[in-house]
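Residues in the sequence shown are numbered consecutively from 3, following my numbering.
In this text, a Cβ means the ideal position worked out from N, Cα and C, and glycines have one as well.
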Amino acid sequence: MDFMPLLQVATQVAGRSAAVANMRILPRDISVAIKDTRTAAELTQKAVGLIASAGELLDGPNARAVSRSAGVLQLAVQDITRSTSQALREAGAWLDLSHGALKKSMGGVLDMRSAGVNGAIRARDVLFDEGIRRDETPIAKGFLLEIAAEKGRIFRFALGQAAFDRLSRSSQYGIQSQERLTRTPAEQAVSKGGETIKINGVIYLAQQGTGHLDTLREIASALKPVTLTTGYGQSFGRWYITHIEEDQEFLFTDGAPRKQTFNMEFKRYGEDYQNV
Numbered sequence: 003m004d005f006m007p008l009l010q011v012a013t014q015v016a017g018r019s020a021a022v023a024n025m026r027i028l029p030r031d032i033s034v035a036i037k038d039t040r041t042a043a044e045l046t047q048k049a050v051g052l053i054a055s056a057g058e059l060l061d062g063p064n065a066r067a068v069s070r071s072a073g074v075l076q077l078a079v080q081d082i083t084r085s086t087s088q089a090l091r092e093a094g095a096w097l098d099l100s101h102g103a104l105k106k107s108m109g110g111v112l113d114m115r116s117a118g119v120n121g122a123i124r125a126r127d128v129l130f131d132e133g134i135r136r137d138e139t140p141i142a143k144g145f146l147l148e149i150a151a152e153k154g155r156i157f158r159f160a161l162g163q164a165a166f167d168r169l170s171r172s173s174q175y176g177i178q179s180q181e182r183l184t185r186t187p188a189e190q191a192v193s194k195g196g197e198t199i200k201i202n203g204v205i206y207l208a209q210q211g212t213g214h215l216d217t218l219r220e221i222a223s224a225l226k227p228v229t230l231t232t233g234y235g236q237s238f239g240r241w242y243i244t245h246i247e248e249d250q251e252f253l254f255t256d257g258a259p260r261k262q263t264f265n266m267e268f269k270r271y272g273e274d275y276q277n278v
């Protein structure tokens, strides 16, 4: 559809601006980041106009694709408006208005989570710097989970490729017990604790190919937070890959496996680390 190329470019340039905004020390010349932010706002506004005339066609993959783009812009706005540069924050405010118009033009489509069927409010691909190699898979193609590094390749778990059959997520909360004389202990909240995501799956190499786990190890070895996004449009935010375990079974005579059973663990990255 005509508005999708506009949104794709808007998310790319917004991602570049967000990458600059996240730097601990901003470069002296941030005019490019400001220009990118304004360009993203303009392209988003143009896409909104096209969506308004084709709203009845926004269903299924098209709706999910626009939802993902809206999620990218939302996260970019959050990063840009926290920048230490006033000029960049002002440009981010303009992008925020365009993002709001995009959500409004989508109407109930972005509120899929409340319907409990087609997706979630927030979505994103990943915020990329200039020159990053992107997956050539069309944005509307289905996948289970996307792992994207800040400056690296995208890895997607998908049926027919590398896939997982179980995802578990746990959240911890720091509640400390305070002893009291002659009374029962008093509980006191001291921190939000951490979060962990674990996935388990099986790869049959004859059908799904090789090298999937090696790619994941390369991403984890960079020791950088990654962004997790589900195929139905929910953004889990930024996480660290902390554990990859692999079991090889049904080996060929040369030791190559026919089957790889794997499990991975992710731990939540503190979103406010840049301000510490």
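DSSP places ASP98 within a helical segment (H, G or I) once states are collapsed to three. In the structure shown, the three-state DSSP call for ARG30 is coil. If you ignore the 5 residues before and after LYS261, its C-beta comes within less than 8 Å of the C-beta of VAL204, ILE205, TYR206, LEU207, GLN250, GLU251, PHE252, all in its own chain and listed in chain order. A distance below 9 Å separates the beta carbons of LYS269 and GLY196. Leaving aside the five residues that flank LEU147 on each side, the residues in its chain whose CB is nearer than 8 Å to its CB run, in chain order, ARG158, PHE159, PHE166, LEU169, ILE201, LEU230, THR231, THR232, GLY233.
In the DSSP assignment, GLN10 falls within the alpha helix (DSSP H) that extends over 5-23. In the DSSP assignment, GLU181 falls within the unbroken beta strand (DSSP E) covering 176-182. Around the CB of MET25, fewer than 16 other CB atoms lie within 10 Å, so the residue is classed as exposed. Between MET108 and the set ALA72, VAL22, GLN80, LEU90, the nearest pair of CA atoms involves ALA72. ARG30 and THR39 have their C-alpha atoms roughly 17 Å apart. The beta carbon of SER173 lies closer than 6 Å to those of GLU197 in the same chain, with the five residues before and after it left out. In the structure shown, LYS48 falls within a helical segment according to DSSP collapsed to helix, strand and coil. The residue among GLY51, THR184, VAL22, TYR271 with its C-alpha nearest the C-alpha of SER87 is VAL22. About 5 Å separates the beta carbon of ILE177 from that of GLU189, a gap short enough to meet the 8 Å contact definition.
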